[in-house]
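Below: one structure, written as structure tokens.
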């Protein structure tokens, strides 16, 4: 979930749902309703309970995985148990991606392990892995400026420096562009694989993952993120001089599967055909349990809708959609849960 | 290296090395010399250069590994290059330990990976791993109080809570005792394996490793540390109720090898047979590069001795010893570098 989509104020929600007051009195009454809802939600444990249960029971929930499917079935029961109406699961086809096993190491007289993670949707390496000298770049532009063919037989390594976490996300933007475009750019220059410093601000030895970009139906090269200390290590080795040789392994692959949206309503009292959607996503990347991205979003939207339900509903229908496959729009740009929801609506 | 052994003041060093002054004037002159040495060392980059090079070139340096051996050979050349005299490598036999590959997972309808690390010197599991329900304890005492045979066919899991980092190390003491004694206690009750929350204060998903205790020549059970988030996850699953089944794999094993101490002198000008040893250790655990534990100690001792060397030496010999195998005293309690140094001295 993007940060922006989380910034939905309770006030705006209360206004949109329409609590059935004359226009003149609506503003003050809406504020009072919003305050009451806010206070109620802060007193109960619905959001925390949802986050705790979904992350604990299912752990990582990659889009289209058995774990995401099982979590959706459980969440539907959970929403029914809370009293939501018309709870249903909307399935849609998806090209899923499985990491399998990935690993990396520095090769040579003094071998040492690297902590790497294949970038989401990367292809795997051949069995036995890819071993080659690295060529270091310091930005996507730097990589793009490399002459054609200059990376033949090499592994492109981009260390664009440690990501600084800014409130406006400006640190993440360039790193996510690099993650998306890097493998294709490296492939253009003849590289065998692409490695980058993680698009994360963490200093510990855990790489950041996230999706990269398809070209002609697949990701052109195996792409990997290095944890920050490992990126420091590789860049220091380059600075010491001489060739730096690494080995990369990945059994990542795509497969045909299904994902699903879980949909639950608080039916509108007087204008049920007008729907206010509170959306969040259920899937998560595979290296954690997706507590923040986006079980927390699910907890917030469920708790807000539950508070409205407990109040007897609103004029309009308030609908919670727990989307599957948040950003898995590749290779067809039709695979994500938001698109499936819209298509399901138009077909209804 | 223990924290205490690092607390060697430059003043004490200068006094012990003896800078050849009459007794009456020695205190004030010693202080002046110490201040001059301190200022010189803070201006140069010897310590940082050593830490950077040894961690970058060799990465992790487990006791007795090729990496530790190669690092020792490099460090001897490094010390010669700095102008130290009588640089030599003292080899000694060691029972080494190799982690191999380790992994863990929660088993069941909703499988999910656990991030684990075998405890140092643990035996490996059988091929295919150990799969069993866990029994949760909250302390070593709690585990010790379990009835004999009560863990037959089970995996003992001790979550003693998250380690709090205190300046006096009081958070680490109980956790390291648990790490040492846990596998043997679990074995007494019939358990198949031992798992504990990491003896580390980190909150990220990287387990803490460190040595456990031999009984009758080997560690009785495969023992593992869980990263903090994984320990939270396992304890939350237990709290949800029902059996919690996990699988643990480890190919850890011991092997016959050699370790070594690297010794380098600044010969004493008038009392060379009296030796002041500045000790630190070169080996490190395998999950990082040992920059703090203890490349930094090496950097500090080398830089201090180099400053004395540059000053023309001291009355007494100042000797840097970069020990191998800091705490690998098992199974014979004769394997560590400090013991080997003492035996080498007595034989000389």
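Protein chains in written order, with my numbering: chain A, 1 to 348; chain B, 349 to 696. Every residue gets a Cβ at the ideal spot worked out from N, C-alpha and C, and that includes glycine.
Do you know whose CA, among B:438, B:543 and B:657, lies nearest residue 485 of chain B's CA? B:543
For a cutoff of 9 Å on Cβ pairs, would you count residue 106 of chain A as touching chain B? yes
Going by alpha carbons, who is nearest to residue 16 of chain A out of A:312, A:271 and A:294? A:271
What is the DSSP secondary structure of residue 432 of chain B, reduced to helix, strand or coil? coil
Using the C-alpha atoms, what's the distance from residue 416 of chain B back to residue 225 of chain A? 28 Å
Specify the secondary structure class of residue 125 of chain A as computed by DSSP and reduced to three states. coil
Name, in chain order, the residues that DSSP records as bridge partners for residue 409 of chain A. Here chain A comprises residues numbered 1 to 348, so residue 409 of chain A is not present and cannot be evaluated.
Which bits of chain B does residue 228 of chain A rub up against, with CB to CB less than 9 Å? By Cβ distance, chain B contributes nothing, its closest Cβ being about 11 Å from residue 228 of chain A, past 9 Å.
Could you pull out every residue in the same chain whose Cβ sits closer than 7 Å to the Cβ of residue 228 of chain A, ignoring the five residues on either side in sequence? 162, 197, 198, 202 and 203
Mapping the DSSP letters down to three states, classify residue 365 of chain B as helix, strand or coil. helix
Residue from B:518, B:507, B:502 and B:567 whose Cα sits closest to the Cα of residue 307 of chain B: Absent from the structure is residue 307 of chain B, since the part of chain B shown begins at 349 and ends at 696.
What are the start and end residues of the alpha helix (DSSP H) that includes residue 397 of chain B? 394 to 406
Residue 440 of chain B CB to nearest chain A CB: under 9 Å? no
Out of A:277, A:325 and A:119, point me to the one whose CA is closest to residue 178 of chain A's CA. A:119
Short check: CB of residue 44 of chain A to CB of residue 304 of chain A, under 9 Å? no
Do the CB positions of residue 131 of chain A and residue 255 of chain A come within less than 9 Å of each other? no
Under 8 Å between beta-carbons, which chain A residues line up against residue 584 of chain B? List them in chain order, please. 52 and 56
Does DSSP put residue 248 of chain A in a helix, a strand or coil? strand
Checking the sheet assignment: what are the DSSP bridge partners for residue 104 of chain A? A:114 and A:248
Short Cβ contact (9 Å threshold) for residue 72 of chain A with residue 89 of chain A: yes
Buried or exposed for residue 4 of chain A, please, with buried defined as at least 16 other CB atoms from any protein chain shown within 10 angstroms of its CB. In this predicted model, residue 4 of chain A has a pLDDT of only 36, less than 50, meaning its place in the structure is not dependable; the value taken from the coordinates is given anyway. Residue 4 of chain A comes out exposed.
Counting only runs that start and end within the region 208 to 243 of chain A, where is the alpha helix (DSSP H) found for 4 or more residues in a row? 228 to 240
Between residue 399 of chain B and residue 643 of chain B, which are expected to be in contact by the criterion C-beta below 8 Å, what is the C-beta distance as a whole number of angstroms? 4 Å
Distance CB(residue 173 of chain A)-CB(residue 164 of chain A) smaller than 9 Å: no
Thinking just about the alpha-carbon of each residue, which of B:535, B:465 and B:688 is nearest to the one in residue 492 of chain B? B:535
Neighbourhood of residue 424 of chain B by C-beta, 8 Å cutoff - its chain only, sequence neighbours within 5 removed: 435, 436, 437, 610 and 612
Are the beta-carbon atoms belonging to residue 679 of chain B and residue 565 of chain B less than 9 Å from one another? yes
How big is the Cα-Cα spacing for residue 116 of chain A and residue 223 of chain A? 10 Å
Just checking, does the region 278 to 293 of chain A make contact with the region 314 to 331 of chain A on the three C-beta pairs under 8 Å criterion? yes
Is the region 25 to 33 of chain A close to the region 286 to 294 of chain A, with three or more CB pairs under 8 Å? no
Along chain A, which residues have their Cβ under 9 Å away from the Cβ of residue 556 of chain B? What residue 556 of chain B touches in chain A: nothing, since even the nearest Cβ is about 12 Å away.
Within 10 angstroms of its Cβ, does residue 166 of chain A collect 16 or more other Cβ (buried), or is it exposed? exposed
Contact set between the region 585 to 608 of chain B and chain A, restricted to residues whose Cβ is under 8 Å from the partner: 585 and 588
I think residue 433 of chain B touches residue 666 of chain B, with their Cβ atoms under 8 Å apart; what is that distance to the nearest whole Å? About 11 Å; that fails the 8 Å criterion.
Spatial neighbours of residue 250 of chain A within its chain, please: C-beta separation below 6 Å, excluding the five flanking residues on both sides. 102, 118, 124, 125 and 222
So, does the CB of residue 40 of chain A fall closer than 9 Å to a CB anywhere in chain D? No chain D is present in this structure, whose protein chains are A and B.
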